Each structure stands twice: as structure tokens, then as C-alpha cells.
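>
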């Protein structure tokens, strides 16, 4: 098996300095933040031309696409987009998936969400396979005007990566209509979380006019990695491997990212959040919302969410602009500790697109603290915690700048 390359620490003077201060975060009232369970028409089995292969079938086969690491010269130059902290494992996407800075409208797939088998299962392997895995969601830049791309109006596709052999293949998220026809899932697909066999994806309402289960509403959509199907004849284009939606929840607001917290009080939970762009003013750095939903007890193997939230927070104007919680692209909750990465904003330092913060939300709100750094990856997206190793996984989205990597949380917060 091919191992994932380790990366040396990349050090840039002054970038790794952290500040610790009162957290610009306060409790948010839970009223109006409840989920509603939707109804999905999905039934099994699919049409006769498909066969069920599950996650193991996706993580096998000689026809998967290889992923370059630091041994590849083209990938090695992308080390500049990694965190400036010590990096554990990392790799790049293949040339086609990297996109093209000079021709963005014709390289439309952009990576967004990230989930790992290290969150799905404590032994690090997904249910149904013995290979460590990682799943990313990609949104298709399908805007009418290519000069003003709107990533929230587009279809979604998954890349399922075998981390042991460093190969991947694409799987299309679909829904099945009343006649049994497979249809694409649209929406932004901004964040992923993986719990047991189930993959949770935050998604926006705009489906470009296409129909679908509650397609006019913001949702959390759920897929079962055991129920992945392959076209028997090897054809089908994007539909060669499909994973039908098995459940969805209607969300009260647009949710842009999600993480699984195995260490939250009262049992495992999902923490979701909103993206709020700042414009450089101090007031615009406030307003990012984070919400925690628990899983129902006694639902062994089913992993259904409780509709009512148990916690919520909203960012406030910070004492120091360096501690702003704005332009958030991903959150990872680990009990009372929140990791947030941010890709832009009003940070006064030289690297606003490398922001990362650790927020402690234990006890009274007046005692909450934030540790802010500009040491993360360049233009980051979603986050995932590999629980057994204590590694925080992340990825970047920029055309020709795309890397996937892990950082030990002890290196992010050595104290």
C-alpha cells in the first residue's frame, strides 16, 4: 500500500504567533432554530442496471484516479498552500481536479466539504471496508454569468479517497423519484460529516429550478455509504457510481458547514454553522451562527437527529480585529472546544486567508477564550477530526492551489 507523504513544517516568520483573549462569541437563543424531518421517496433496490457495491466497492479497482504527493514535482510546489504549522499527511488532487486559474468557467468543480473515516469509526476504517477513507464534496460553478460565480446554485459530486492507496473515484449523490428515475442532488454541498455509515451534507435551497425533496429549502441531506450502487455495464458517466439520499432535514437557515462531535455532553452531536462575509468594518465581523444538534438516543445504527438544538452561539465584534470570527469556512467541535478556519476578512495581519481559531466555550460566557492564528492553509474549506490520532484534517479550494492535509491538534494548541 502507498503511504500518504508527510510534510516538513513550513515556517514563515511571525505567522505562527497566537493571541489568547476573551472569545467574541456569545450564546444564541435557540428559538426558531429547530430542524424538520423531510420525506424521501428513496426505495431499494434501484433499477436492474445497477448493483449495490457499498463503500468497499468504491475503495477498490484499478480504474481509480491516483493522487500525487510530495514526491511529485507539480504537487510539491503546492506545499506553499499548506498550513505553516507542522503538517502530518498531505497530498494534492490530480491535474484535472486542480482547476485552471486562467479559465475558471471551464474548470467548474470546486472542493468544499470534507469528512474522514476517522470520525465515522473510532478504529479509522469505514463500515464495510478495511481501508482508511476520506470523502470530499465538490460544487459545480454553474452560474449564468461566469464573471460572477454563485457556488450555491449548482450540482454536487463526491470524491471518495482511499487513503491507504492514495486513489479516488467519483460518486454522484442522487435522489430517486416516484418512478425510480435517478436525479442529481443540487445545492452548495458546503460541508460534510460522517457518523457510522451515514454521511451528512449541508446544502442550500437553490437548485436552479430543478425539483427534488424540499429543493426550495435549506437542508441537511443524509446518505448511506453502505448503499452505493454501480452501473453494471461500466457506463453512465457521472451516474456510474451513485449514492441515493436516504433522509433529509429542513434547516431553519442556510447552513454552510458541519462537523461530528463525538465528545459533546449528552452524546454525539452535529455542529453546523453559517458563512458571513465581512467587509473590513468591525461590525461586519459579527453574526456568524453555530448550532449544535444531538442524535436521538436508542437509535442504534440509525443516527437520527433530534429536531431541537441544544446549543447555539453567535459571533460578536471582537476587542481585537485579529480575533474576529468571520468568513468561516469550517468548524470542528470537540466537546467544549471549537476549531474554526476562515478564508478572508478584516484581519489586520498579512494573511487573512490563513486564519484559524480555537474557541473554548466551557462555563460562563464571560470566561470563554479564543486563540487566534494566521497559520492555517491558504483559502481553507471544511474540517474533520480523526479521533484516534488527534489530527485535524482540512483542504483548500483555490484553482491550482488544492491540497488535503492533516495537523495534530497538539501542534495547533501546544498548551
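Residue numbers (our numbering): 64 to 478.
For glycine and all other residues, C-beta sits at the position ideal for the given N, C-alpha and C.
Note that this is a predicted model, so its numbers are computed, not measured.
Assign residue 65 to one of three DSSP states: helix, strand, or coil.
Here residue 65 refers to the residue found at position 2 of the chain shown. Its pLDDT being 44, under 50, residue 65 is placed unreliably by the model, and the measurement read from it follows with that caveat. Coil, per DSSP.
> I'd like the span of the alpha helix (DSSP H) that includes residue 121, first residue to last.
Counted from its first residue, the chain shown places residue 121 at position 58. From DSSP, the alpha helix (DSSP H) with residue 121 extends over 117-121.
> List, from N- to C-terminal side, the alpha helix (DSSP H) runs of 4 residues or more that fit wholly inside the segment 355-387.
Those alpha helix (DSSP H) runs which fall completely within the segment 355-387 and span 4+ residues do not exist here.
> For residue 347, which residues in the same chain have their Cβ closer than 6 Å to its Cβ, ignoring the five residues on either side in sequence?
The sequence position of residue 347 within the chain shown is 284, counting from 1. Same-chain partners within the cutoff: 341.
> Using the Cα positions of residue 411 and residue 344, report the straight-line distance between them to the nearest angstrom.
For the purposes of this step, residue 411 is identified with residue 348 of the chain shown, where counting begins at 1. For the purposes of this step, residue 344 is identified with residue 281 of the chain shown, where counting begins at 1. So the two alpha carbons sit approximately 11 Å from each other.
> Have a look at 233, 279 and 137 and flag the residue whose alpha-carbon is nearest the alpha-carbon of residue 225.
As a working mapping, residue 225 is identified with position 162 in the chain shown. Of the candidates 233, 279 and 137, the one whose C-alpha sits nearest the C-alpha of residue 225 is 233.
> If you follow the beta strand (DSSP E) that residue 322 is in, where does it begin and where does it stop?
The sequence position of residue 322 within the chain shown is 259, counting from 1. That run of the beta strand (DSSP E) goes 320-324.
> Please look up how many angstroms separate the CB atoms of residue 196 and residue 262, rounded, as I've assumed it's under 8 Å.
What you label residue 196 is simply residue 133 of the chain shown in a count that begins at 1. What you label residue 262 is simply residue 199 of the chain shown in a count that begins at 1. Wrong, their Cβ atoms sit about 11 Å apart, outside the cutoff.
> Could you give the residue range of the beta strand (DSSP E) that holds residue 474?
Position 411 of the chain shown, counting from 1, holds the residue named residue 474. Looking at the DSSP string, residue 474 is not in any beta strand (DSSP E); the run it does join, the alpha helix (DSSP H), is 472-475.
> May I ask you to list the residues that DSSP assigns as paired with residue 240?
For the purposes of this step, residue 240 is identified with residue 177 of the chain shown, where counting begins at 1. For residue 240, which the question treats as bridged, DSSP gives no partner whatsoever.
> Count the other C-beta atoms from every protein chain shown that fall within 10 angstroms of the C-beta of residue 388, then say buried if there are 16 or more, exposed otherwise.
Locating residue 388 in the chain shown gives position 325, counting from the first residue. With 16 or more other Cβ atoms within 10 Å, it is buried.
> Give me the residue from 460, 311, 454 and 94 with the minimum Cα distance to residue 149.
What you label residue 149 is simply residue 86 of the chain shown in a count that begins at 1. Selected option, being the one with the closest Cα: 454.
> So what does DSSP say about residue 389, is it helix, strand or coil?
Residue 389 sits at position 326 when you count from the first residue of the chain shown. Correct three-state label for residue 389: coil.
> On the premise that residue 379 lies in contact with residue 88, defined as a C-beta separation below 8 Å, what is that separation, rounded to the nearest angstrom?
Here residue 88 is taken as the residue at index 25 of the chain shown, counted from 1. Here residue 379 is taken as the residue at index 316 of the chain shown, counted from 1. Correct: roughly 7 Å between the Cβ atoms.
> So, using beta-carbon positions, are residue 179 and residue 439 closer together than 7 Å?
Counting from one through the chain shown, the residue named residue 179 turns up at place 116. Counting from one through the chain shown, the residue named residue 439 turns up at place 376. It is not a contact, given that the beta carbons lie outside the stated cut-off.
> Based on the DSSP secondary-structure assignment, which residues constitute the bridge partners of residue 308?
As a working note, residue 308 is residue 245 in the chain shown. Its beta-bridge partners are 286.
> Verify whether the separation of the beta carbon atoms of residue 201 and residue 465 is less than 7 Å.
Numbered from 1 along the chain shown, position 138 holds the residue referred to as residue 201. Numbered from 1 along the chain shown, position 402 holds the residue referred to as residue 465. Against a cut-off of 7 Å, the Cβ pair of residue 465 and residue 201 comes out as no contact.
> Less than 7 Å separating the beta-carbons of residue 386 and residue 407?
Counting from one through the chain shown, the residue named residue 386 turns up at place 323. Counting from one through the chain shown, the residue named residue 407 turns up at place 344. In this structure, residue 407 does not lie closer than 7 Å to residue 386 by Cβ.
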